[in-house]
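Here the structure comes first, spelled out in structure tokens, and everything after it is commentary.
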Amino acid sequence: MMCADMEVQLNEYVDGTLRVAQRATVDAHLAGCAGCRAAVAELRALVAGAAALPKSIEPGRDLWAPIDARIVQGATRNVQRPFWRGALAAAATLVIGFAIYRLLPPSTVHDHPEGTGWVAVQAEYEQAADELTRALAFEHDRLAPATVALIERNLAIIDAAIRESRDALARDPGNVELRGLFAAASRHKVELLRWATRAAT
Amino acid sequence: MTRHIACLGLGLGSALGAVGPGAAAQARPAPIIRIEQRWPFAADGSVRIVNPAGRIRVIGWDVDTVAVSGHGAGAFAADGNGSVRKLVVTGRADLEVHLPRGARVWVKSAAADIDVVGVDGTLDLNSVSGAIQVVGTPVDVTAETMDGRVELAGGTGRARVKTVSGSILLRGASVDLGASTLSGTIVVRAAGWQRGGTGVQRGTFESVTGDVRFDGELGRGGIVELESQSGAIHLRVPGTTVADFDLLTIGGSIANGLTSDAPQRGTLRFATGAGGAQVTIRSFKGSISLEAK
């Protein structure tokens, strides 16, 4: 076990970014500390493993390719039916839109203009949270008391965070950033409830 | 997510039964078990492990064999073939599983700690209150625990870590990182070119009340997002980092130790060059600080 106050220095020691004097200090410490020597060895071992990592990120799956193939297939089967082709394209747009909605990072997901879109998002979260809360209430007894206490403690934390965001939004309803933070807090609540429900059932 | 739900019946059905009130009702003590078995196994096979409590240690080796050893109280069952193997403990056990380095590993537990060392395949690790530790360079890691801490050391192509209150520590040279916690802390020590990696190409780190700390190198063109409701967010990168920075806090403070740019009304936007990384930080009322390494 490395010394708790040495983590940053040891990482920089391995990176070779310490000044000469700092390096000498770490060398002196290492001479008398087996835990930190082991940590340095572990960090150095990362170099070899890191070199084998992929250099770019490949998407997990390509949503567009199969959709495009279906559109093309539909078009060649019956070029006289533009309605269906249009419908397929519209469906593809919806699918992609939904996928993007799900995949975008939380801070950019809910940049809806003020109006019904945002109201719908709020309602969606509240409905999901309510349903999961009811489901959890049914299964509550199947969880260990410590787990129940943990969930309740964290639900209180997240409810407080949601309340703060909602109050701030009431004062500044058009603030897109606030909406993003509110949505993130709401999403955390839904995920916690979903997790707890899964664990209980 | 669907996969998680589908697997739940197998995993936590027995697991949670053992740690919940139902277990207390069992009058007879569980029988003592000793486990020592091995099977020939494909280098890229899939191993599923369920152990409600105790410890699970998974070790990758250069042998086309799955070998399991351990002891505990309850029952142990193994089923499968040369490419899929399922190991299920009912009760509690300290398990040590050696498997081919390239195997895909799925572990479900309620209270057991999970340690994985030297596995390069895909890891899917779930616990309720146990800690999860991964050392090595798996291509893909998903780790979820409510209360336990999670530590990934080494490097992954892709990692997704989630806790409720457990702390998260990600160390090493990873490409695509995502970490989310409600009240735990997130610490990322991202190695980059100095250690043979590329720096973080994509990183999303978010908490509600926990602090978020990113310390390391950003990938060229990488996108990193840090978000917290009330936790402090600290970003420490080399002074030579080329990136666009976009910081916002509604009610907190911003301290910029990276450049001379000053925040205005809770926002700070600046660039240290063109074509670099993109850093977005959002906070409701926590402090945001930038520091040069």
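Taken in sequence, the protein lines are chains A and B.
Under the numbering used here, the first residue of the first sequence carries the number 1, and numbering increases by one thereafter.
Under the numbering used here, the first residue of the second sequence carries the number 1001, and numbering increases by one thereafter.
Quick reminder that beta carbons are idealized off the backbone N, C-alpha and C, glycines included.
Since the model is a prediction, treat every value here as computed from it, not as a measurement.
| Check | Outcome |
| --- | --- |
| Contact between the stretch 1260 to 1273 of chain B and the stretch 1205 to 1213 of chain B (3+ Cβ pairs under 8 Å) | no |
| Test: HIS188(A) CB closer than 7 Å to a CB of chain B | yes |
| Residues of the stretch 1159 to 1170 of chain B whose Cβ lies closer than 9 Å to any Cβ of chain A, in chain order | LYS1162, VAL1164 and SER1165 |
| Span separating the alpha-carbon of ASP1215(B) from that of ARG1202(B) | 14 Å |
| Alpha carbon of VAL1139(B) to alpha carbon of GLY16(A), nearest angstrom | 27 Å |
| Rounded separation between ASP1246(B) and LEU169(A) - CA only | 21 Å |
| Residue range of the beta strand (DSSP E) that includes VAL1105(B) | 1104 to 1108 |
| Proximal residues, the stretch 122 to 150 of chain A versus chain B, C-beta separation under 9 Å | ASP141, ARG142, LEU143, ALA144, PRO145, ALA146, THR147 and LEU150 |
| Exposed unless 16 or more other CB atoms sit within 10 angstroms - verdict on VAL1047(B) | buried |
| Buried/exposed call for PHE182(A), threshold 16 Cβ in 10 Å | buried |
| Per-residue DSSP class, three states only, for ILE1250(B) | coil |
| Positions along the stretch 162 to 173 of chain A whose CB lies within less than 8 Å of some CB in chain B | GLU164, SER165 and ALA168 |
| Beta carbon proximity, ALA4(A) to chain B, threshold 7 Å | no |
| Spatially closest choice to ILE1250(B) from GLU191(A), ARG179(A) and ARG187(A), by CA coordinates | ARG179(A) |
| Range of the contiguous beta strand (DSSP E) that encloses VAL1084(B) | 1084 to 1100 |
| Classification of GLY1082(B) by the beta-carbon crowding that lies within 10 angstroms, buried from 16 upward | exposed |
| Below-7 Å beta-carbon distance, LEU181(A) vs any chain B residue | yes |
| Enclosing alpha helix (DSSP H) for ARG171(A) [first to last residue] | 145 to 171 |
| Three-state class that DSSP yields for GLU42(A) in the structure shown | helix |
| Candidates GLY1070(B), GLY1060(B) and ALA1042(B): closest to GLU1036(B) by CA position | GLY1070(B) |
| Per-residue burial, PHE1041(B) [other beta carbons within 10 Å of its own, 16 or more giving buried] | buried |
| Rounded separation between ASP1176(B) and SER1253(B) - CA only | 29 Å |
| Contacts around GLU7(A), its chain only, beta-carbon distance under 6 Å, and the 5 residues preceding and following it disregarded | none |
| Secondary structure of GLY180(A), DSSP reduced to three states | helix |
| Reference PHE982(B), options LEU155(A), LEU132(A) and GLU164(A), closest by Cα | The structure shown does not extend to residue 982(B), since chain B spans only 1001 to 1293, so no value can be given for it. |
| Chain A contact for ASP1147(B) (CB, 7 Å cutoff) | yes |
| Residue span of the alpha helix (DSSP H) that contains HIS29(A), given as start and end | 20 to 31 |
| Buried versus exposed, by CB contacts within 10 Å (16 or more), GLN20(A) | Sequence check: residue 20(A) is Val here, not Gln. Flag for VAL20(A) reads exposed. |
| ASP1120(B) vs THR1137(B) beta-carbon contact at 7 Å | yes |
| For SER1046(B): DSSP bridge partner residues | VAL1084(B) and ARG1104(B) |
| Residues from the stretch 1236 to 1253 of chain B in contact with chain A, defined by Cβ distance under 7 Å | LEU1248 and ILE1250 |
| Range of the contiguous beta strand (DSSP E) that encloses ASP1124(B) | 1122 to 1127 |
| Option nearest ALA1166(B) by Cα separation, candidates GLY1155(B), ILE1281(B) and ALA1143(B) | First, the residue type needs correcting, since residue 1166(B) is Gly and not Ala in the sequence shown. Closest by alpha carbon: ALA1143(B). |
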